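Some notes on the structure that comes next.
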Amino acid sequence: MLWGAWAEAEPPANGPMLQEISSSSLPGGKVQIKLGLSAPPPAPLSFTIDNPARIVLDFADTAQGLAKGSQTVGLGAVRSVSVASAKGRTRVVVNLDKLMPYETRSEGNDIYLTLDASGGDAMASAAPAAVIATAAKHSVSNIDFRRGEQGEARIIISLSDPAIGVDVHRESGKIIADFLNTGVPENLERRLDVADFATPVKIVETSRQGANTRLAITAQGEYEHLAYQADNVFTIEVKPVTKTALEVAEKKKAGYSGEKLSLNFQDIPVRSVLQLIADFTGQNLVASDKVTGNLTLRLQNVPWDQALDIILTSKGLSMRQAGNVMEVAPIEEVTAREKLELEARKQVVELAPLRSEFIHVNYAKAADLAALLKAKENSLLSPRGNVSVDDRSNTLLVQDTEDKLAEVRKLVSTLDIPQRQVLIESRIVIADNLFSKDLGIRFGASRDTSSDATGGRKIITSGTLEGTTELNRNAAIGNPGDSNPILLQSERLNVNLPVTGPSIALALAKLPFGTLLELELSALQAENRGEVISNPRVVTVNQKEATIEDGVEIPYLEASSSGATTVSFRKAVLGLKVKPLITPDNHIIMDLTVKRDTQGDSVNLGGNLYPSINTREVTTQVAVDNGETVVLGGTYTATARTISDRVPFFGDLPYVGFLFKRTQKQDDKAELLIFVTPKILQDTLGLAQ
85 MLWGAWAEAE PPANGPMLQE ISSSSLPGGK VQIKLGLSAP PPAPLSFTID
135 NPARIVLDFA DTAQGLAKGS QTVGLGAVRS VSVASAKGRT RVVVNLDKLM
185 PYETRSEGND IYLTLDASGG DAMASAAPAA VIATAAKHSV SNIDFRRGEQ
235 GEARIIISLS DPAIGVDVHR ESGKIIADFL NTGVPENLER RLDVADFATP
285 VKIVETSRQG ANTRLAITAQ GEYEHLAYQA DNVFTIEVKP VTKTALEVAE
335 KKKAGYSGEK LSLNFQDIPV RSVLQLIADF TGQNLVASDK VTGNLTLRLQ
385 NVPWDQALDI ILTSKGLSMR QAGNVMEVAP IEEVTAREKL ELEARKQVVE
435 LAPLRSEFIH VNYAKAADLA ALLKAKENSL LSPRGNVSVD DRSNTLLVQD
485 TEDKLAEVRK LVSTLDIPQR QVLIESRIVI ADNLFSKDLG IRFGASRDTS
535 SDATGGRKII TSGTLEGTTE LNRNAAIGNP GDSNPILLQS ERLNVNLPVT
585 GPSIALALAK LPFGTLLELE LSALQAENRG EVISNPRVVT VNQKEATIED
635 GVEIPYLEAS SSGATTVSFR KAVLGLKVKP LITPDNHIIM DLTVKRDTQG
685 DSVNLGGNLY PSINTREVTT QVAVDNGETV VLGGTYTATA RTISDRVPFF
735 GDLPYVGFLF KRTQKQDDKA ELLIFVTPKI LQDTLGLAQ
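Residue numbers (our numbering): 85 to 773.
Next comes the structure, spelled out in structure tokens:
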């Protein structure tokens, strides 16, 4: 890529010629490469490449007079030196094992390139790449601070001449500007407190660093800085940056993918830098005549496309890529050109002939697509275009230019697709376990003081006390001719604590001494286990609500304000209402209502019976994977109850207390669970056809 534009040498008519390349080792692990020329050369332009590691020097108006285009060095990390010439320029490429700090200096007709292998990472500590030592002493004549209209700080440094080398970088949170081989008057060595100017810059400090002058700028908050030079005036601009601007800059930075390079120039023509980047990338460059001016920049190890973007932004330029050709021009010129192109295209559309076309719609509604095409805010038709609908055949009749018809066909093919369908299956499970146990007693005693002639006893038994009474119907109980019968009375119980539906009863009568004993023990144990499963299901298309119900409508009388009565109905149904949404990753989001209502007990209100409804319902929104079962919700009810009826005092007696009390125990459990399973139905229309 470095040699793509250097195929043919065209040596300048008058100018220096590269005649010799030699290398040597210096103390401290340094390597020096000497470039011998036939005359004093111009200051070379230099940049570095990260992968593979290279240092590139470009000499303008210089010819190449070496017998070989490549020379092996083999000292330290320096492998070889390659040379090529084209269009009056000579490029020297130093091939390295790894990047390292370097500096260049000129002495007479020779250029010396010194590389410091002990200096570590070149990107972190490299000396300025294109600094040329001169015998003349430069100086700083004035330092001024100004605040811009948008809150930016401008540090303006007046120089004795434009050839001063400047190294601008960040160090320990400060912006450092080193003016190489430059002095500063004693009255300018000072510390300026500029915090009251309401800019990111707080302190500007000027000091001498050996033969150099250092300007240290302390700033706070989020900011960005830009350095540029015009003639003898060097300006450092520090702008505040908002959080949003930082995020945009980071996203933009992340989009750069070009090969990395380093650039370090002072007061170099913009066209030369653009040509340098074009040579580096192997692309062609077309620059407008209005691309003028100089700039100073120092970029270390950045993608070439980011470096190009920085240069264009700083000079108000814009670039358009067409194949491998980069067109660079001022933004105003590019904008005007694009505006003319748009107007020309608009005229072409206005003058293009109209065509008509029938477009058949299979799955969507033609009327809906026509409304989309004719939308006022974002119409796909040209001002001369028109669309009509034939509802009977679901066809669009479109009249427009050929380009617009192609866009309409593309839109219809994208939207006219079968809607996906979903089977939603719900399951309502009601499980209950009911248990009850009752134990009761009834007994009474009567005594007749009379006795019969024989002194015998009479006994009557029956299943219940009510049966004993029924056998006798209050008649006397005894043998025929008995002069002393027993009379059964209707109210003869001392303890009356029975249970419902007794399972055992015993009545005794006519015991000795004319005593009648009546006793009834009753007990009941009931168990009830059950499970009810309801399974409503429904199929619907994507984003369409579906409802299914199964049950009865219960009639009841309803009185109006006039006194008239009407028959109204209340639903007691098993129902499912759902609206599904299929996501691109085949998940299903559903708005669901699942219910199971049953008729309950009737309620007496004002002498009228009204039906009650036992309601079980859940309303929710869930996201479920295709074919996955999810529990929407559930309830669990447990009832434990013990009831004891007793005769005071007697019911608490030990051993015989049970004869004077009745005990009921109840233990009921019920559980409700609601499940739902959605399944995306596969499109089988093609197979059916």
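From the three backbone atoms N, C-alpha and C, an ideal C-beta is built for every residue, glycine too. In this text, all values refer to a predicted model and were calculated from it rather than measured experimentally.
* To do: Give a yes or no on whether the C-beta atoms belonging to T479 and V445 are separated by under 8 Å.
  => The sequence position of residue 479 within the sequence shown is 395, counting from 1. The sequence position of residue 445 within the sequence shown is 361, counting from 1. The Cβ atoms of T479 and V445 lie closer than 8 Å to each other.
* Asked: When the cut-off is 8 Å and only beta carbons count, does L150 lie next to chain B?
  -> Protein chains in the displayed structure number just one, and chain B is not present.
* Asked: In whole angstroms, what is the alpha-carbon distance linking N462 and E321?
  -> Here the question's residue 462 lines up with position 378 in the sequence shown. Here the question's residue 321 lines up with position 237 in the sequence shown. A direct Cα-Cα distance of roughly 44 Å separates N462 from E321.
* Do three or more CB pairs link the stretch 249-266 to the stretch 364-384 at distances below 8 Å? -> The stretch 249-266 vs the stretch 364-384: in contact.
* Please report the residue range of the beta strand (DSSP E) in which S122 lies. => Along the sequence shown, one-based indexing puts residue 122 at 38. Neither: S122 is in no beta strand (DSSP E) and is coded neither H nor E.
* How would you label P100, buried or exposed, when you count the other beta carbons within 10 angstroms and need 16 or more for buried? -> For this step, residue 100 is matched to residue 16 along the sequence shown. Result: buried.
* To do: Give me whichever residues DSSP pairs with F263 in a beta bridge.
  => Translated into the one-based positions of the sequence shown, residue 263 becomes position 179. V250 and T297, per the DSSP bridge assignment.
* Asked: Quick one: what's got a C-beta closer than 7 Å to K258's C-beta in the same chain, skipping five residues either side?
  -> The residue you call residue 258 lines up with position 174 of the sequence shown. So the qualifying residues of the chain are A300, I301 and T302.
* Please go through the stretch 408-469 and give each complete alpha helix (DSSP H) segment of 4 or more residues, from N-terminal end onward. => If only uninterrupted alpha helix (DSSP H) runs of at least 4 residues are considered, those enclosed by the stretch 408-469 are 415-435 and 450-457.
* Would DSSP call Q390 helix, strand or coil? -> Walking along the sequence shown from the start, residue 390 turns up at place 306. Secondary structure of Q390 (DSSP, three-state): helix.
* To do: Find the nearest neighbour of T723 within the set D752, V731, F734 and L743, judged by alpha-carbon distance.
  => Counted from its first residue, the sequence shown places residue 723 at position 639. For the residues D752, V731, F734 and L743, the minimum Cα distance to T723 belongs to D752.
* Roughly how many whole angstroms lie between the Cα atoms of A455 and R621? -> In the sequence shown, residue 455 corresponds to position 371, counting from 1. In the sequence shown, residue 621 corresponds to position 537, counting from 1. Approximately 35 Å, taken between the alpha carbons.
* Of all the options K749, L756, I240 and S466, which has the alpha carbon lying nearest to the alpha carbon of A515? -> As a first step, residue 515 must be located in the sequence shown, where it is residue number 431. Considering only alpha carbons, the answer is L756.
* Asked: In angstroms, rounded to a whole number, what distance separates the CA positions of P269 and A261?
  -> Along the sequence shown, read from residue 1 onward, the residue named residue 269 stands at position 185. Along the sequence shown, read from residue 1 onward, the residue named residue 261 stands at position 177. The C-alpha of P269 lies about 17 Å from the C-alpha of A261.
* Using the beta-carbon count (16 or more within 10 Å), is V623 buried or exposed? -> Here residue 623 refers to the residue found at position 539 of the sequence shown. By the neighbour-count rule (16 or more Cβ atoms within 10 Å), V623 is not buried but exposed.
* Could you name the residues that DSSP lists as bridge partners for S774? => The displayed coordinates of the chain run from 85 to 773. Any statement about residue 774 would go beyond what the structure contains.
* To do: Compute the distance between the beta-carbons of T290 and H222, then report whether it is under 8 Å.
  => Taking the first residue of the sequence shown as position 1, residue 290 is located at position 206. Taking the first residue of the sequence shown as position 1, residue 222 is located at position 138. With contacts defined by Cβ atoms closer than 8 Å, T290 and H222 do not form a contacting pair.
* **Sub-8 Å separation of D475 and A451 beta-carbons** => Along the sequence shown, read from residue 1 onward, the residue named residue 475 stands at position 391. Along the sequence shown, read from residue 1 onward, the residue named residue 451 stands at position 367. Yes, the pair counts as a contact, with Cβ atoms nearer than the cut-off.
* Asked: Should the stretch 151-165 be called in touch with the stretch 129-136, which here means at least 3 C-beta pairs below 8 Å?
  -> These segments do not touch.
* Would you list the residues sitting across from N226 in a DSSP beta bridge? => What you label residue 226 is simply residue 142 of the sequence shown in a count that begins at 1. Paired residues: S242.
* Contacting residues, own chain, Cβ-Cβ under 7 Å from Y307 (five flanking each side not counted) -> The residue labelled residue 307 in the question sits at position 223 within the sequence shown. Non-local beta-carbon contacts of Y307 in its own chain, meaning distances under 7 Å to residues more than five positions away in sequence, involve P284, V322, K323, P324 and V325 in chain order.
* How many whole angstroms separate the CB atoms of L102 and V167, which I take to be in contact at a CB cut-off of 8 Å? -> As a working note, residue 102 is residue 18 in the sequence shown. As a working note, residue 167 is residue 83 in the sequence shown. Between the beta-carbon of L102 and that of V167 there is about 7 Å, and that keeps the pair under the 8 Å contact cut.
* Asked: If we ignore side chains and look at the alpha-carbon of each, how far apart do I673 and R493 end up?
  -> Here residue 673 corresponds to residue number 589 of the sequence shown, with the count starting at 1. Here residue 493 corresponds to residue number 409 of the sequence shown, with the count starting at 1. A direct Cα-Cα distance of roughly 31 Å separates I673 from R493.
* Drop a sphere of 10 angstroms on the beta-carbon of N271, count the other beta-carbons inside from all chains shown, and report buried for 16 or more, exposed for fewer. => Mapped onto the sequence shown, residue 271 falls at position 187. Here N271 is exposed: its Cβ has fewer than 16 other Cβ atoms, across all protein chains shown, within 10 Å.
* Asked: By how many angstroms is the C-alpha of T650 removed from the C-alpha of T703?
  -> Counting from one through the sequence shown, the residue named residue 703 turns up at place 619. Counting from one through the sequence shown, the residue named residue 650 turns up at place 566. Going from the Cα of T703 to the Cα of T650 covers about 32 Å.
* **Exposed unless 16 or more other CB atoms sit within 10 angstroms - verdict on E236** => Here residue 236 is taken as the residue at index 152 of the sequence shown, counted from 1. It counts as buried.
* To do: Check each candidate in N517, K749, G469 and T682 and name the one with the smallest Cα separation from Y720.
  => For this step, residue 720 is matched to residue 636 along the sequence shown. Nearest C-alpha to Y720: N517.
* **Rounded C-alpha distance that separates G659 from Q483** => Sequence index remark: in the sequence shown, residue 659 carries index 575 (1-based). Sequence index remark: in the sequence shown, residue 483 carries index 399 (1-based). Taking the straight line from one Cα to the other gives about 49 Å.
* Asked: DSSP on D79, reduced to helix/strand/coil?
  -> Because the chain spans 85 through 773 in this model, residue 79 falls outside it and cannot be assessed.
* Return helix, strand or coil for D487, following the three-state DSSP convention. => Here the question's residue 487 lines up with position 403 in the sequence shown. When secondary structure is reduced to three states using DSSP, D487 falls in the helix class.
* **Element boundaries [beta strand (DSSP E), containing N348]** => Indexing the sequence shown from 1 puts residue 348 at position 264. Counting along the chain, the beta strand (DSSP E) containing N348 begins and ends at K344 to P353.
* Asked: For L121 versus D194, is the C-beta distance shorter than 8 Å?
  -> Within the sequence shown, numbered from 1, the residue matching residue 121 stands at position 37. Within the sequence shown, numbered from 1, the residue matching residue 194 stands at position 110. Yes. Within cutoff.
* Verify whether the separation of the beta carbon atoms of L765 and Q505 is less than 8 Å. => Here residue 765 is taken as the residue at index 681 of the sequence shown, counted from 1. Here residue 505 is taken as the residue at index 421 of the sequence shown, counted from 1. For L765 and Q505, yes; Cβs fall inside 8 Å.
* To do: Assign E509 to one of three DSSP states: helix, strand, or coil.
  => As a working note, residue 509 is residue 425 in the sequence shown. E509 carries a strand assignment under DSSP once its states are collapsed to helix, strand and coil.
* To do: Give a yes or no on whether the C-beta atoms belonging to V176 and S242 are separated by under 8 Å.
  => Working through the sequence shown from its first residue, we reach residue 176 at position 92. Working through the sequence shown from its first residue, we reach residue 242 at position 158. It is not a contact, given that the beta carbons lie outside the stated cut-off.
* Does DSSP put D145 in a helix, a strand or coil? -> As a working mapping, residue 145 is identified with position 61 in the sequence shown. In the structure shown, the three-state DSSP call for D145 is coil.
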